[in-house]
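Below is one structure, written out as structure tokens; comments come after it.
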Amino acid sequence: MRIRDLLDPKSICLNASPVSKEAAITTLVDFMARSGCIKDEERFRAAVFERESKSSTGLGEGIAIPHAKSDGVLRPGLATMVVPNGVDFDSFDGEPVHLLFLIASPHQASDAHLDVLARLSTLLMNNDFRESLLQAKTVDEYLAAIDKAEEAEDAKEAQEKAEEEQAEREAEAAAAAHPEQAPVPHKKVYDLVAVTACPAGLSHTYMAAEALEQKAKEMGISIKVEADGAAGNRNSLLPEEIAAAKAVIVAADRAIDIDRFVGKRMVRTGVVDGVHKPEMLIKKALDPNCPVYKLGSASAETSNLPMKLYRHLMSGLTYILPLAATAGILSAVARLEFVQGSSLGLFLDTIGYSIGTLLFPVLSAFIAFSMAGRMALVAGFTGGVMADMAGSGVIGAVVNGFVGGAVAFVVARLAQRFLKGHDAMFALLVYPLAGAVFTTLIAQFITSIPAALIDTFITDFINNANTLTLTIVGAVLAGMMSADMGGPFNKIAYATGVLLLADCLPENGPGSMIMASVMLGGMVPPMAAGIAARFIAPHSFTEKQRSLGISAIVKGFLFITEGVIPYLTAGRLRVACVLGSATAGALSMFFRCAVPAPHGGVFLMPIAINPLQYVLSFVGGVVVGAALFVLLNPNLGKDKTKGKTESETKIQTTEVTATAVAAPVSSEAAAPVSEAGVSEDAKGNGNGDGVATSATDAATDAAVANGAQASGSAEAEAKTEESKDPHEGIEPLQAPRDGKEETHAPLDAEHHGIEPLKA
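Per our numbering: the sequence shown ends with 765, consecutive numbering throughout.
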């Protein structure tokens with residue numbers, strides 16, 4: 007299987023000019039859908055943005071490879087885009103991106119497909135290959151450049167394989183001729199071994215492996231790189247190879263097995279550094295002062311401290327979400343008027359309360375687990391129990407979780423240094439017991455009092471705050487929920503809501519009011535966008551945005567904020583999201599509404615505190631958001647129902663053949679290009695996917711320049727235009743690009759189109 011088998015010509019977009027990173031990804035997904043490899047375009051688009059929120063796929067050198075695995079993908083596929091003027095993609099080097107590849111993969115892709123995607127990632131490390139793609143004028147030239155590079159790679163691999171086989175045959179022949187002189191077989195020894203891995207395992211994994219191998223070859227250093235990608239472990243490291251290597255490089259953004267490297271000098275970093283800084287990593291690994299990895303060691307981590315703490319906190323938060331939702335909902339149902347006081351209500355309340363008591367221990371345990379692995383679970387769990395007993399609340403649980411992780415790490419280091427052997431006993435007895443004891447002492451005498459003071463201050467502040475203060479807090483947190491859709495503001499706001507909710511469960515405390523505002527902040531944007539596109543001003547939205555309207559409304563009800571992403575084609579529309587969310591959050595706090603769970607959307611409204619006011623707050627935010635989506639829409643006043651689909655408004659892809667010039671101009675061929683579309687130079691590049699020859703270019707440009715909206719039958723057009731001058735607003739046709747003048751017939755209302763060009 008070759009790259010051409012996954013890259014449909016319909017999914018190639020040349021001479022694009024997207025206005026933003028979001029617009030570029032949205033357009034790429036639309037082009038990907040043309041190949042038929044996506045069954046749920048919206049789900050795949052959300053998966054791509056979710057992956058992008060973790061770290062940018064802009065790799066530097068003008069390249070970006072957004073990618074995702076999703077159930078919305080029918081089969082693996084590629085889409086590609088060339089942006090001559092570049093687009094800001096939050097790249098590693100801060101430079102604009104000119105060449106983009108979008109990779110779509112189902113969760114269960116075949117090895118053959120994944121091999122092709124890995125090969126593409128490897129080829130993109132070649133400067134000549136990238137330049138040939140950027141210089142391609144047509145789709146055929148673009149595909150030819152890919153074929154040429156693949157054939158060269160195949161020839162290189164075949165030559166290397168032939169040389170290896172020839173060397174083996176010569177060695178066997180020499181051994182047969184002189185058995186007494188035959189060398190003793192031995193395994194190859196590498197100076198360095200390395201592992202690369204990224205969350206999706208589709209591009210960065212293989213690009214980092216290729217970069218490390220190339221740089222090591224240039225430096226005269228032998229290296230073996232294990233690419234732990236979607237196709238499994240390629241080039242897996244053997245125990246004897248690890249033992250013989252001088253050092254290890256781990257360039258990975260997800261958890262991998264590093265216990266096999268205990269006792270080796272190790273450099274640990276993100277996969278992007280493997281792509282861009284291979285020489286630095288190799289030199290650092292070979293440095294005699296490179297730290298040696300020990301069980302439970304965190305010294306090989308290179309990320310900064312705030313990011314480490316944030317990652318550990320979010321790890322703990324992930325595990326308490328289902329517990330908080332279950333405890334809150336059960337307790338809320340038990341307090342309903344028709345259930346309260348009954349045996350069923352008592353049973354539900356008891357279960358909810360019992361689950362709620364586990365929130366702090368579980369939160370602390372998994373913060374510690376994220377820091378130091380399984381040996382820190384007991385220490386972290388003990389810290390959560392101490393937070394519950396001492397009344398230090400969620401602040402104490404978070405602090406004690408970090409304390410438990412640090413204690414477990416120190417205990418492991420001391421045990422490994424002074425106590426040799428008996429690893430099983432340490433794992434089952436020493437680590438958990440020592441971790442629990444020291445965490446208890448630190449929590450009791452150091453952390454509990456200040457944590458309790460802070461937690462009490464926050465609770466009292468919310469309980470005693472005046473209405474104006476609460477309204478501002480609700481507006482800010484709800485607005486943050488829709489500020490960056492999965493980015494840091496969104497996550498901070500949601501984490502604040504969940505942690506404060508956990509602080510008061512299973513009762514309804516001040517944290518449940520914060521959570522109510524935060525939830526509305528995530529529900530309003532998709533609901534407002536869907537209503538605006540579907541019912542209020544459908545003519546101002548593209549066909550694709552209108553078709554997603556019902557889906558966006560449903561996602562708004564379900565508290566799935568990402569449903570608004572397809573509508574954020576212009577930066578100003580993000581203002582509509584923020585203001586709509588802020589309105590809903592402010593109203594919710596004004597009415598002192600509260601919800602008992604961190605998720606659930608509309609299903610929590612019946613069991614909310616002040617449910618009618620909560621619904622009113624939601625409606626108010628949706629009204630403001632929908633109105634702003636209409637008023638701030640750059641297409642307001644333009645009839646997009648006669649235009650193109652979302653992707654076609656960005657990229658001019660008019661398919662005109664020589665024989666079609668005599669036919670009437672269709673609405674698809676004549677729709678004006680949006681501000682996210684191609685440059686004037688790119689309206690006819692003869693690429694097979696939206697091709698205009700030099701003869702037809704002028705006619706098409708004239709139609710576009712005049713905003714011709716020819717649709718329906720010839721008779722209907724004639725009736726609507728009979729009172730107008732058929733030549734009104736028609737500018738002269740431009741001369742062909744070769745400089746030769748041609749005579750064109752004027753537009754005739756009777757034919758409402760372009761007559762054949764005269765010789």
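A virtual CB, placed ideally from N, CA and C, is assigned to each residue, including glycine.
Where does the unbroken beta strand (DSSP E) through residue i begin, and where does it stop?
i, result
"Ala233", "229-235"
"Gly66", "64-66"
"Met87", "83-93"
"Phe107", "103-111"
"Ala200", "198-203"
Assuming residue i contacts residue j (C-beta within less than 8 Å), just tell me the rounded distance between them.
i, j, result
"Met519", "Ala592", "About 12 Å; that fails the 8 Å criterion."
"Leu483", "Thr502", "6 Å"
"Ile613", "Val339", "6 Å"
"Thr445", "Asn406", "7 Å"
"Val201", "Ala253", "Not quite, the Cβ-Cβ distance comes to about 12 Å (not below 8 Å), so this is no contact."
"Met213", "Val281", "5 Å"
"Met131", "Glu216", "5 Å"
"Phe267", "Ile248", "7 Å"
"Ile255", "Leu198", "6 Å"
"Ile542", "Val636", "6 Å"
"Ala457", "Gly402", "4 Å"
"Ala203", "Asp234", "4 Å"
"Val504", "Ala330", "7 Å"
The alpha helix (DSSP H) with residue i in it runs from where to where?
i, result
"Asp11", "9-12"
"Met395", "383-396"
"Ile498", "494-510"
"Val345", "Per DSSP, Val345 belongs to no alpha helix (DSSP H) and is neither H nor E."
"Met525", "516-537"
"Ser370", "365-378"
"Pro544", "First-last for Pro544: undefined, no H or E at that position."
"Gln220", "210-224"
"Asn469", "454-470"
"Pro312", "311-340"
"Asn406", "399-424"
Leaving out the 5 sequence neighbours to the left and right, which residues in its chain are closer than 8 Å to residue i when beta-carbon positions are compared?
i, result
"Pro112", "Lys75, Ser76, Asp77, Val79, Leu80, Arg81, Pro82"
"Ile373", "His318, Leu319, Ser321, Gly322, Gly386, Val404, Gly407, Phe408, Gly410, Gly411"
"Met225", "Glu285, Ile288"
"Thr726", "For Thr726, the pLDDT reaches just 41, beneath the cut-off of 50, and the residue's location in the model is therefore unreliable, although a value from the coordinates is still provided. If we look at Thr726 and ignore the five residues flanking it on each side, it has no Cβ neighbours."
"Glu721", "In this predicted model, Glu721 has a pLDDT of only 40, less than 50, meaning its place in the structure is not dependable enough to derive any value."
"Glu48", "Gly78, Leu554, Ser557, Gly569, Pro572"
"Pro245", "Arg266"
"Lys16", "Phe37, Arg40, Ser41, Asp695"
Identify, in the order they occur along the chain, each residue of the same chain with its Cβ nearer than 6 Å to the Cβ of residue i, setting aside the five sequence neighbours on each side.
i, result
"Gly586", "Val530, Ala534, Gly627, Val630, Gly631"
"Ala250", "Val195"
"Pro738", "Confidence is the limiting factor: at Pro738 the pLDDT is only 42, short of 50, which leaves the residue's position unreliable and the question unanswerable from this model."
"Ser62", "Asp96"
"Ile152", "Ile9"
"Thr589", "Gly626, Gly627, Val630"
"Gly276", "Asp259"
"Arg271", "Ala253, Cys296, Val298"
"Val697", "In this predicted model, Val697 has a pLDDT of only 34, less than 50, meaning its place in the structure is not dependable enough to derive any value."
"His210", "Cys204, Val277"
"Gly536", "Gly555, Ala558, Ile559"
In chain order, what residues of the same chain lie with their CB nearer than 7 Å to the CB of residue i, ignoring the 5 residues before and after it?
i, result
"Val409", "Gly389, Thr445, Ile448, Ala449, Thr453"
"Ala39", "Glu47"
"Ser594", "Gly480, Ala522, Ser523, Leu526, Tyr620, Ser623"
Tell me, please, whether the CB atom of residue i is closer than 8 Å to any CB atom in chain C?
i, result
"Phe541", "Among the chains of the structure shown, chain C does not appear; only one protein chain is present."
Assess contact between the region 41-51 and the region 72-90, defined as three or more Cβ pairs (one per stretch) separated by less than 8 Å. Is contact present?
By the Cβ rule, the region 41-51 counts as touching the region 72-90, because three or more pairs are nearer than 8 Å.
Segment contact, 8 Å Cβ cut-off, at least three pairs: the region 348-361 with the region 376-396:
no
Would you call the region 354-363 and the region 508-518 touching, i.e. three or more CB-CB distances under 8 Å?
yes
List, from N- to C-terminal side, the beta strand (DSSP E) runs of 3 residues or more that fit wholly inside the region 233-291.
238-240, 253-258, 271-275
Quick check: the region 550-559 against the region 471-490, are at least 3 beta-carbon pairs closer than 8 Å?
no
Mind listing, in chain order, the continuous beta strand (DSSP E) runs of no fewer than 3 residues lying wholly within the region 603-644?
Correct list: empty.
Below 8 Å, can you find three or more Cβ-Cβ pairs linking the region 376-385 to the region 408-421?
yes
Does the region 61-72 come within contact of the region 98-107, defined as at least 3 CB pairs closer than 8 Å?
yes
Residue ranges of each alpha helix (DSSP H) run of no fewer than 4 residues wholly in the region 9-79, ordered along the chain?
9-12, 27-40, 47-60
Between the region 129-147 and the region 9-29, do at least 3 Cβ pairs fall closer than 8 Å?
yes
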